[in-house]
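Engineer: Here it is, the structure, as structure tokens.
As structure tokens, then:
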């Protein structure tokens, strides 16, 4: 590990960390090549007078940690390299940062962007989540317990009455949030304004039964330059939250939507297409950066990602790194660092059933949204019972009871869920 | 290979092809799961009457080609699976298509999106490149020969006079296009309007010497929702082309920019961040789809991608698949299929020197932009001589001469380039 940086650096820098695999590269030379090549272009051949002017634009090698393979295992020699980029070189937006630190470099061999950190100056251009975790809790009037979300089961080809009924049944079980399916786009059967009206009516009907508030995240889709208008239409029709396929539009679209004065509802980031980036060890962008730091920086109030428990899986340590990025409060009190931004609600998703609730709360604590699709709709006693089973599972966990005993004590919905899907602890 | 599809299908479908690696999966069952799961959600449990209504929304398995490993080689069992998605399910934009066919699915194991095809109806919503290959040739008045592009060497930290001088020197050598560095963002030294004015002035000065027209692609950057205004500012200042980091903003932004009535200049797509998608065999999106089909569909007039020759490499067959996608004219005469869209200029880039020109023309023919950075600026006799060496190399190749003999016949610039970098044929 080298540390030329701490001596040489002045001014503000964003840093990027890469894992670079190469059987024989001189990683220190490679690191210097990145630091120079992606900033001033060339250095050693500059006249001395020019160097003085250019120094503030020059990238710096912060560290190079070389991992040599233990045995003769070829193909597993790598280095973790951290480079500091002077933020005078790029504008205060995520496309500029990403193109600087991983534009050309992404195509240069087996290299993955594993971490990012932001200078105070860069960060100061980002208001972050408008509501964040605490704001979403406030809207719902639920200060402490984990939240429960459910997803429509089938939506394509269904009409408004069918969607409304599906919404109502889900809501009855006591869920806090319901989201559109991310593959529901503008269509003649359920256009967004009519859909929002129908679903918000169903939410009001359910609230009469449950006494509980509910956020409905309507899917914000269509042409990029019309997204603000589309959001206005949805909100005008009563939408109290939005779902957004961030990676299909780029982080900057989210960043601008989340700070737009007319869009004063929480935005839920969907991870659609994320699997094109994070799973490879050798290429792409880590889940922590993609679904953690950048989503929060861009202002997502809630962030969905594949859980390590269910049908679409992500390793547990990557999940916890996302959680860490979404909930990190370092520097919050001083108003410095990433903690300056409100935290974002983590929403581990896919394949979740009530018997997984103990595990989810163990990994995530109570600041988590338990997100169920089949676990609600596939409940043997129906969707409303599905919601109740989840709420019972949460209550049981929070009271410190064993889920099995808590179910046996007169909670048939939880009992049926356990009978159907079991318990993992 | 199955072909239930040809019998069952009616209506219009876009298809997606995936390569899916799995040691033991039933790939046919998996294919059906994708076709149903990403469209109607569930099928077998629908009542018969409902099936009739839902059939037009149901995805179809087109083919499943299973590749069993020859020996006991684990980890290399895969299938190429093609699924047809009814285009009634999604709106006529690239985010909707990508989220449908690879949103959730991208996160589901070792799966790569290897190909896409578009229904006539879906395609009809896309005007494609406004200029395309033929339009760019027309603007430049160069109907047949390969074009030559050069890139600024160093730009960050340089002021307007320095940029203008660098531009002039490059232009003198007879290049057809000059592009901004993709990491040059709005900055106090060279803001886009001033930069465009200075560079277009240098272009005019050079034209007096060379008699040759030139396109200058200014880097379009900044907030997504301000891109149109930023483009208007650049064009107002005289920009006659734009460079755009498409993948940092999403394909839809390009799609809307390219069809915008106020943006009547060619758009050059930069591949920054593409390496986060295409290089892995197991994850992501193939180069052909990412830098070929989707760039052309979204309206890129010219598309840069890493060449197989130089410093940032891509396998030759992937390069040729991109070229194929950009130049495919199938159905052009009938106004059907992808050939309905104008073709896009392929721009294989990085590490190009004059001695590679024979190889480039062999692989790409004459409908190619030869794109040089160091090959122009690093020429022993200077940047103007660098441009001349390239033009000489092209002329030599087109005349059928051997490059070495052509250089020896009184062309010192080409000779110096060959002496410096050699020839690969």
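Chains as they are written, first to last, in our numbering: chain A, 9 to 433; chain B, 9 to 433. Glycine is no exception: its CB is placed at the ideal position from the N, C-alpha and C atoms. It should be emphasised that the depicted structure is a prediction, and the values quoted were computed from it without experimental measurement.
#1: Ignore the nearest five residues each way along the sequence and tell me which others in residue 110 of chain A's own chain have a CB closer than 6 angstroms to its CB.
#2: Taking the alpha-carbon of residue 123 of chain A as reference, which of A:357, A:186, A:56 and A:298 has the nearest alpha-carbon?
#3: Strictly below 9 angstroms CB to CB, what residues from chain B border residue 338 of chain A?
#4: Please tell me whether residue 290 of chain B has its Cβ less than 8 angstroms away from any Cβ of chain A.
#5: In angstroms, rounded to a whole number, what distance separates the CA positions of residue 337 of chain A and residue 306 of chain A?
#6: Could you check how far apart the C-beta atoms of residue 163 of chain B and residue 189 of chain B are, in whole angstroms? I think they sit under 8 angstroms.
#7: Could you tell me how far apart the beta carbons of residue 204 of chain B and residue 246 of chain B are, in whole angstroms, since I believe they sit closer than 8 angstroms?
#8: Check whether the Cβ of residue 30 of chain B lies closer than 8 angstroms to any Cβ atom in chain A.
#9: Does residue 17 of chain B have its Cβ less than 8 angstroms from a Cβ in chain A?
#10: Within 8 angstroms (strictly less), CB to CB, does residue 228 of chain A reach chain B?
#11: Would you mind sorting residue 361 of chain B into buried or exposed? The rule is 16 or more other CB atoms within 10 Å of its CB.
#12: Run through the segment 343-400 of chain B for me and flag every whole alpha helix (DSSP H) of 4 or more residues, listed as ranges in chain order.
#13: Compute the Euclidean distance between the alpha carbons of residue 141 of chain A and residue 304 of chain A, then round it to the nearest angstrom.
#14: Between the Cα of residue 6 of chain B and those of B:266, B:153, B:432 and B:214, spot the shortest distance and give me the residue it belongs to.
#15: Rounding to the nearest angstrom, what Cα-Cα distance links residue 311 of chain A and residue 144 of chain B in this structure?
#16: By the DSSP assignment, the alpha helix (DSSP H) with residue 36 of chain B in it spans what residues?
#17: Please state whether the Cβ-Cβ distance between residue 258 of chain B and residue 308 of chain A is less than 8 angstroms.
#18: Quick check on the burial criterion: 16 or more other C-beta atoms within 10 angstroms. Buried or exposed for residue 37 of chain A?
#19: Taking the beta carbon of residue 432 of chain B as the centre, do at least 16 other beta carbons fall within 10 Å, making it buried, or is it exposed?
#20: Going along chain A in order, which residues have a C-beta closer than 7 angstroms to the C-beta of residue 256 of chain B?
#21: With a threshold of 8 angstroms on Cβ separation, who are the neighbours of residue 157 of chain B within its own chain once the five nearest residues in sequence on each side are excluded?
#22: In angstroms with no decimal places, state the Cα-to-Cα distance between residue 268 of chain A and residue 238 of chain A.
#23: Could you please give me the residues that DSSP links to residue 314 of chain B through a beta bridge?
#24: Can you tell me whether residue 115 of chain A is helix, strand or coil according to DSSP?
#25: Which residue marks the beginning of the beta strand (DSSP E) containing residue 251 of chain B, and which one marks its end?
#26: In angstroms with no decimal places, state the Cα-to-Cα distance between residue 53 of chain B and residue 375 of chain A.
#27: Are at least three pairs of beta-carbons, each pair with one atom in the segment 271-280 of chain B and one in the segment 269-276 of chain A, less than 8 angstroms apart?
#28: Note down the Cα distance separating residue 402 of chain A from residue 199 of chain B, rounded to an integer number of angstroms.
#29: What does residue 293 of chain A pair with, by DSSP beta-bridge criteria?
#30: Pull out every residue of the segment 280-307 of chain B whose Cβ sits closer than 7 angstroms to any Cβ of chain A, in chain order.
#31: Residues of chain A with CB under 7 angstroms from residue 198 of chain B, in chain order?
#32: Per DSSP, what are the beta-bridge partners of residue 69 of chain A in this structure?
#33: Taking only beta-carbon positions, decide if residue 98 of chain B is within less than 8 angstroms of chain A.
#34: Residue 417 of chain A: beta carbon under 7 angstroms from a heavy atom of the ligand MN?
#35: May I ask you to report which of helix, strand or coil DSSP gives residue 338 of chain B?
#36: Rounding to the nearest angstrom, what Cα-Cα distance links residue 96 of chain B and residue 240 of chain A in this structure?
Structural biologist: With the structure as the only source:
#1: For residue 110 of chain A, where only same-chain residues beyond five positions count, the Cβ hits under 6 angstroms are 121.
#2: Comparing Cα positions, the closest option is A:298.
#3: Correct list: empty, because the minimum Cβ distance to chain B is about 27 angstroms.
#4: Yes, residue 290 of chain B counts as interfacial toward chain A.
#5: About 16 angstroms.
#6: With 8 angstroms as the limit, residue 163 of chain B and residue 189 of chain B qualify as a contact, their Cβ atoms being about 5 angstroms apart.
#7: Yes, residue 204 of chain B and residue 246 of chain B are in contact; Cβ-Cβ is about 5 angstroms, under 8 angstroms.
#8: No, residue 30 of chain B does not count as interfacial toward chain A.
#9: Per-residue confidence for residue 17 of chain B stands at a pLDDT of 44, beneath the threshold of 50, marking its modelled position as unreliable; the derived number appears in the next sentence. Output row for residue 17 of chain B: interface = no.
#10: For residue 228 of chain A, no Cβ of chain B is located within less than 8 angstroms of the residue's own Cβ.
#11: Buried is the call here.
#12: Those alpha helix (DSSP H) runs which fall completely within the segment 343-400 of chain B and span 4+ residues are 365-372 and 382-385.
#13: Between residue 141 of chain A and residue 304 of chain A, the C-alpha separation is close to 11 angstroms.
#14: Since the first residue of chain B shown is 9 and the last is 433, residue 6 of chain B is not available in this structure.
#15: Taking the CA atoms as reference points, residue 311 of chain A sits about 43 angstroms from residue 144 of chain B.
#16: Annotation: the continuous alpha helix (DSSP H) that includes residue 36 of chain B extends over 35-45.
#17: Taking 8 angstroms as the cut-off, the beta carbon of residue 258 of chain B is found no closer than this to the beta carbon of residue 308 of chain A.
#18: Its Cβ having fewer than 16 others within 10 Å, residue 37 of chain A is exposed.
#19: By the neighbour-count rule (16 or more Cβ atoms within 10 Å), residue 432 of chain B is not buried but exposed.
#20: For residue 256 of chain B, the chain A residues whose C-beta falls within less than 7 angstroms of its own C-beta are 103, 106, 107 and 258, listed in chain order.
#21: Taking residue 157 of chain B as the centre and dropping the five residues before and after it, the same chain places the C-beta of 183, 184, 185, 186, 187, 355, 377, 378, 379 and 380 closer than 8 angstroms to its C-beta, in chain order.
#22: When rounded, the distance between both Cα atoms is 13 angstroms.
#23: Bridge partners of residue 314 of chain B: B:357.
#24: Shown here, residue 115 of chain A sits in a helix according to DSSP, grouped into three states.
#25: Where residue 251 of chain B is concerned, the enclosing beta strand (DSSP E) starts and stops at 249-252.
#26: Rounded to the nearest angstrom, the two C-alpha atoms are 36 angstroms apart.
#27: Too few Cβ pairs lie closer than 8 angstroms, so no.
#28: Cα to Cα, residue 402 of chain A sits roughly 55 angstroms from residue 199 of chain B.
#29: According to DSSP, which records beta bridges pairwise, residue 293 of chain A is partnered with A:121.
#30: Listed in sequence order: 280, 281, 282, 283, 284, 285, 287, 288, 290, 291, 292 and 293.
#31: Taking the beta carbon of residue 198 of chain B as reference, no residue of chain A falls within 7 angstroms; the closest one sits roughly 12 angstroms away.
#32: Within the DSSP bridge table, the entry for residue 69 of chain A names A:91 as partners.
#33: So yes, residue 98 of chain B belongs to the interface.
#34: What this structure holds is no ligand at all, so the ligand MN is not there to describe.
#35: The answer is coil: DSSP assigns residue 338 of chain B none of H, G, I, E or B.
#36: Taking the straight line joining both Cα atoms gives about 25 angstroms.
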